[in-house]
Structures are given as C-alpha cells and as structure tokens.
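Step one of this worksheet: look at the structure below.
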Amino acid sequence: AKSAGRNQYCFYQASAGQQNADELKLEQALREALRLQQLDVHYQPKFALATKQLVGFEALVRWQHSELGTVSPVLFIPLAEKLGLITALGEQVLQRVCLQLQQWQHFAIPVSVNISALQLADTEFVTRLHRIVQLADIAPQLIELELTESCLIPEQAEQTLHQLTQLKALGFKLSIDDFGTGYSSLSYLRRLPLDTLKIDQSFVQDLPGNISACQIVSAIIAMGKALGLDVIAEGIEHQQQLDFLLQAGCDKGQGYLVSAPRPAQDITPALSAKAIK
Ligand code: C2E
Ligand code: CA
Ligand code: CA
Ligand code: CA
564 AKSAGRNQYC FYQASAGQQN ADELKLEQAL REALRLQQLD VHYQPKFALA
614 TKQLVGFEAL VRWQHSELGT VSPVLFIPLA EKLGLITALG EQVLQRVCLQ
664 LQQWQHFAIP VSVNISALQL ADTEFVTRLH RIVQLADIAP QLIELELTES
714 CLIPEQAEQT LHQLTQLKAL GFKLSIDDFG TGYSSLSYLR RLPLDTLKID
764 QSFVQDLPGN ISACQIVSAI IAMGKALGLD VIAEGIEHQQ QLDFLLQAGC
814 DKGQGYLVSA PRPAQDITPA LSAKAIK
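Residue numbering for the sequence shown follows full-length UniProt numbering, beginning at 564 and increasing consecutively.
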C-alpha cells in the first residue's frame with residue numbers, strides 16, 4: 564500500500580508539473596496574441612422571438628492559435644483576468660467592435676459586448692471606454708455592455724452604481740448577463756439603470772420539460788417586465804424552447820436554433836441583402 568501511495572504521489576507530481584507547463588505555455592501564447600492583436604471577434608445574432616427578425620448582435624472573442632488550435636474563451640478569459648491582462652484584452656475587443664460598427668453604420672445595428680467584473684472594477688473604465696468609442700465616432704447607443712451579477716459586488720455597490728449611472732448618461736445600454744445564476748438582491752438591481760436582463764442558458768436548456776426551469780424563466784420574464792426592462796433568452800437550440808419563451812412573454816432570443824456566432828465577413832452580405840429588400 565505504501566509503495567502504491569508513493570507511486571500515486573509521483574503521478575500527481577508529474578501531472579501537476581505538466582499542468583504548470585501547459586499553463587505557462589498558454590500564458591505566453593496569450594501575451595503574444597495580445598501583443599500582436601491576434602484575437603478575433605465573432606458575432607451572434609439576437610432576434611425577435613415572434614418573427615426571428617434580426618435585432619442586434621453579441622460580440623464574442625475568439626482565439627485561433629497556430630499550435631494550440633482554437634482556445635475557448637471559457638479558458639483564456641479567466642487566465643487573462645488572473646494575469647491582469649483583461650483590461651488590454653477587453654479594449655482590443657471594444658476596438659474591433661467599433662471598427663465593425665463603422666462598417667455596419669448604414670444598418671445602425673446594436674452590438675453587445677461582454678465586460679468582465681475586473682474591467683468594471685477599474686476606475687478608469689468609463690473614461691477609457693468613452694475615449695475608444697469617441698475616437699471611432701460610434702454612437703454609444705449602439706453598444707450594450709453585458710455585465711454579470713459578479714460585477715455587482717455588494718461591497719462596491721455604491722461605486723458600481725455610480726459607474727453604471729455615468730455609462731448610462733453617456734448613452735451606453737446596460738444588460739445583466741446570465742441572469743438568475745448570481746445572488747444580487749432585487750432591491751439593488753432595481754436601483755441600477757439597466758436596459759436588459761438576459762436569462763441564463765442553463766434555464767433555457769431545460770425548457771419546456773423541467774417544471775422548475777419553466778417557473779424560474781416565467782418569473783424572470785415577469786420581473787423584467789415589471790421593472791420595465793427588455794428580456795432576452797440565450798442558448799435557444801430548439802423550437803419548443805422558443806415556443807415556451809414566446810408564450811411566457813419573452814421578446815428576444817439568441818441561440819444555435821437561428822445562428823451560432825459567426826465571423827463578421829459571413830454576416831455583412833446578409834445584412835446588406837436585408838437592407839436592400
Ligand atoms: P456568455 O457571455 O454567456 O456567452 C454565451 C456563450 O454561449 C458563448 O460561448 C456562445 O457562443 C454560446 N452559445 C450561443 N448560442 C448557444 C446555444 O444555442 N447553445 C449553447 N450551448 N451555447 C450557445 P463562448 O463564445 O464560448 O463564450 C463563453 C463565455 O466567455 C461567454 O459566456 C463570456 O462569459 C466569455 N466571453 C466571450 N467573449 C468575451 C469577451 O469579449 N469579453 C469577456 N470579458 N468575456 C467574454
Ligand atoms: Ca454574454
Ligand atoms: Ca450569458
Ligand atoms: Ca455564461
């Protein structure tokens with residue numbers, strides 16, 4: 564038993580070492596990707612549930628590495644946060660989105676951008692975001708910031724409220740992403756100058772077969788409406804999910820049922836065709 568234990572110990576040692584080596588490699592690759600501005604942005608359509616008509620896009624960062632292949636943001640966003648690179652990454656995404664909005668300016672189509680809690684925690688965030696958007700000559704009204712409930716840390720409630728109020732005054736739209744998965748109090752949410760609640764895909768996935776998912780989704784929609792907010796559901800893959808959301812009073816959605824996130828060059832022709840019609 565003792566020697567087995569020792570072997571096991573060795574095994575864990577080796578794998579922990581390997582894990583560190585992999586992480587170090589990923590870290591170096593990410594630093595390089597940021598330095599060379601190699602990150603890309605894909606766009607997922609948001610649509611009206613009743614008509615499947617396009618109402619906007621969500622920008623999602625993408626990283627294609629020559630050796631590592633496609634690296635998921637689920638992996639490299641937390642790494643960027645850990646390494647203190649998230650502000651730089653976030654600004655590159657915002658710059659890309661602004662360039663895209665310039666190209667799409669005839670369509671005046673809104674794009675939402677994911678903002679990490681750590682980006683928002685930076686006291687310079689509002690100023691820098693405003694500068695980027697001004698330099699690109701983009702109307703802030705076309706940009707919606709998707710914040711998660713983790714952005715709304717109770718200890719910084721007043722500071723966050725102040726920032727969100729500033730962003731709102733500049734014209735940016737504000738959305739709470741992954742809604743229903745965090746712990747923010749409703750009385751605090753009510754004080755924030757929000758435009759949209761986005762229902763988390765974990766609830767949408769369980770529609771319509773799971774009763775508690777149906778009840779939670781219905782409650783979020785009712786609450787959003789009571790607060791005068793737009794409600795959008797993400798992760799819609801099946802028509803039955805869309806049907807449930809529609810009858811529960813949700814207006815908008817996103818998901819593979821209509822389209823996965825796509826590169827901008829795939830989207831522009833469709834937008835142009837729609838504009839001509
Ligand atoms: P999120 O903001 O909740 O984005 C939704 C995720 O669901 C995206 O994954 C999207 O591609 C995926 N998705 C869309 N439709 C469907 C569907 O019908 N079914 C399923 N199963 N999934 C769907 P992605 O692109 O891998 O992004 C993962 C997460 O990484 C995002 O979750 C967001 O938290 C973060 N992220 C992505 N881009 C950025 C960014 O530019 N900045 C920051 N801070 N975070 C980002
Ligand atoms: Ca999002
Ligand atoms: Ca989400
Ligand atoms: Ca999510």
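Beta carbons are placed, not taken as given, at the ideal position from N, Cα and C, and that holds for glycine.
- Restricting attention to beta strand (DSSP E) runs no shorter than 3 residues, the region 770-835 encloses them at 793-796, ordered along the chain.
- The closest heavy atom of ligand 2 lies 8 Å or more from the beta carbon of S635.
- Judged by DSSP secondary structure, L710 falls outside any alpha helix (DSSP H) and instead within the beta strand (DSSP E) spanning 706-711.
- Of the candidates A613, L646, L681, L599, L646 places its Cα closest to the Cα of E586.
- The C-alpha of Q768 lies about 35 Å from the C-alpha of Q581.
- Y819 has its Cβ nearer than 8 Å to a heavy atom of ligand 1.
- Taking 8 Å as the cut-off, one finds no heavy atom of ligand 1 near enough to the beta carbon of A596.
- Under the 8 Å Cβ criterion, the region 710-717 counts as touching the region 669-682, having at least three qualifying pairs.
- Taking the Cβ atoms as the reference, F742 lies roughly 14 Å from L708, outside the contact range of under 8 Å.
- For G619, the enclosing beta strand (DSSP E) covers residues 617-628.
- T759 counts as buried, since at least 16 other C-beta atoms from the protein chains shown sit within 10 angstroms of its C-beta.
- Residue state for L652 is assigned as helix, using DSSP reduced to three classes.
- Annotation for R659: V604 place their beta carbon closer than 7 Å to its own, counting only its chain and skipping 5 residues before and after.
- Selection D814, L662, I649, Y606 evaluated against A684 yields I649 as nearest (Cα-Cα).
- Taken through DSSP and simplified to helix, strand or coil, G743 comes out as coil.
- In terms of Cβ geometry, K609 and K815 form a close pair [threshold 9 Å].
- Not one heavy atom of ligand 2 falls within 8 Å of the beta-carbon of D769.
- One thing to note: L770 has its Cβ within 9 Å of the Cβ of Q803.
- Per DSSP, the continuous beta strand (DSSP E) segment holding F610 begins and ends at 603-611.
- Looking at Y606, A592, S578, T831, the one whose alpha-carbon comes closest to that of A823 is Y606.
- In this structure G787 is buried. Its beta-carbon is surrounded by 16 or more other beta-carbon atoms within 10 angstroms.
- Exposure of S835 is indicated by the presence of fewer than 16 other C-beta atoms within 10 angstroms of its C-beta.
- For S675, the uninterrupted beta strand (DSSP E) segment begins and ends at 674-678.
- Contact check between the region 625-635 and the region 659-673: fewer than three CB pairs, one atom from each, fall below 8 Å, which does not count as touching.
- The beta-carbon separation of K761 and S738, rounded to 6 Å, stays under the 8 Å limit for a contact.
- The C-beta of T723 has 16 or more other C-beta atoms within 10 Å across all chains shown, which makes the residue buried.
- Within 8 Å of the C-beta of E800 there is not a single heavy atom belonging to ligand 3.
- The shortest C-alpha to C-alpha distance from A789 to any of E721, C813, A613 is the one to C813.
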